[in-house]
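**Q** Numbering (the working numbering), first residue to last: 342 to 471.
Even glycine gets a Cβ: it sits at the ideal position worked out from N, Cα and C.
1. Give every residue of the same chain whose Cβ lies closer than 8 Å to the Cβ of residue 389, excluding the five residues on either side of it in the sequence, and list them in chain order.
2. If residue 438 sits next to residue 470, beta carbons under 8 Å apart, how far is it from one beta carbon to the other, in whole angstroms?
3. Measuring only the C-alpha atoms, how far is residue 372 from residue 398?
4. What are the partner residues of residue 391, as DSSP defines its beta bridges?
5. Taking the DSSP output, what are the residues bridged to residue 445?
6. When we look at the beta-carbon of residue 391 and count the other beta-carbons within 10 Å, is it buried (16 or more) or exposed?
7. With a threshold of 6 Å on Cβ separation, who are the neighbours of residue 415 within its own chain once the five nearest residues in sequence on each side are excluded?
8. Taking the DSSP output, what are the residues bridged to residue 435?
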């Protein structure tokens with residue numbers, strides 16, 4: 342009888358099975374990148390524009406990486422707000438290196454259901470030609 346009471350008490354006091362559901366994945370807006378080639382004095386350069394295609398955003402930082410790690414740069418966004426589909430021009434010009442240029446954008450979402458959330462988004466553009 343004592344064993345039954347002990348077993349019953351143990352069953353009642355033991356926590357039930359809990360489902361360990363992982364937290365939802367962080368939301369990251371979508372970006373597109375455009376490379377704008379131009380020539381000055383016979384030297385080819387690139388200028389870049391980034392566009393967030395899904396949300397209004399506040400830009401904290403943009404990290405740029407050139408083909409094969411041959412070039413890198415970091416911009417601080419200083420809290421600038423860009424509306425969805427409004428292009429953001431990176432203020433520096435770069436030597437025209439062929440290959441994939443990658444951009445990592447860190448900031449805060451300012452519109453939609455994810456407004457107020459931080460994000461970390463990436464995009465790239467492949468520069469071809471001669």
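**A** So, to answer that:
1. Working through the chain shown from its first residue, we reach residue 389 at position 48. Excluding residues within five positions, the ones whose Cβ falls inside 8 Å are 374, 375, 376, 377, 405, 430, 431, 435, 442, 444 and 466.
2. The count along the chain shown starts at 1 and reaches residue 438 at position 97. The count along the chain shown starts at 1 and reaches residue 470 at position 129. Incorrect: roughly 11 Å between the Cβ atoms, too far for contact.
3. Counting from one through the chain shown, the residue named residue 372 turns up at place 31. Counting from one through the chain shown, the residue named residue 398 turns up at place 57. One C-alpha to the other measures close to 11 Å.
4. Position 50 of the chain shown holds residue 391. In DSSP, residue 391 forms a bridge with 374 and 429.
5. Residue 445 sits at position 104 when you count from the first residue of the chain shown. Answer is 404 and 463.
6. Along the chain shown, read from residue 1 onward, the residue named residue 391 stands at position 50. Buried is the call here.
7. Indexing the chain shown from 1 puts residue 415 at position 74. Once the five neighbours on either side are set aside, the close Cβ partners of residue 415 are 404.
8. Counting from 1 along the chain shown, the entry for residue 435 is found at position 94. Beta-bridge annotation (DSSP): residue 435 is paired with 387.
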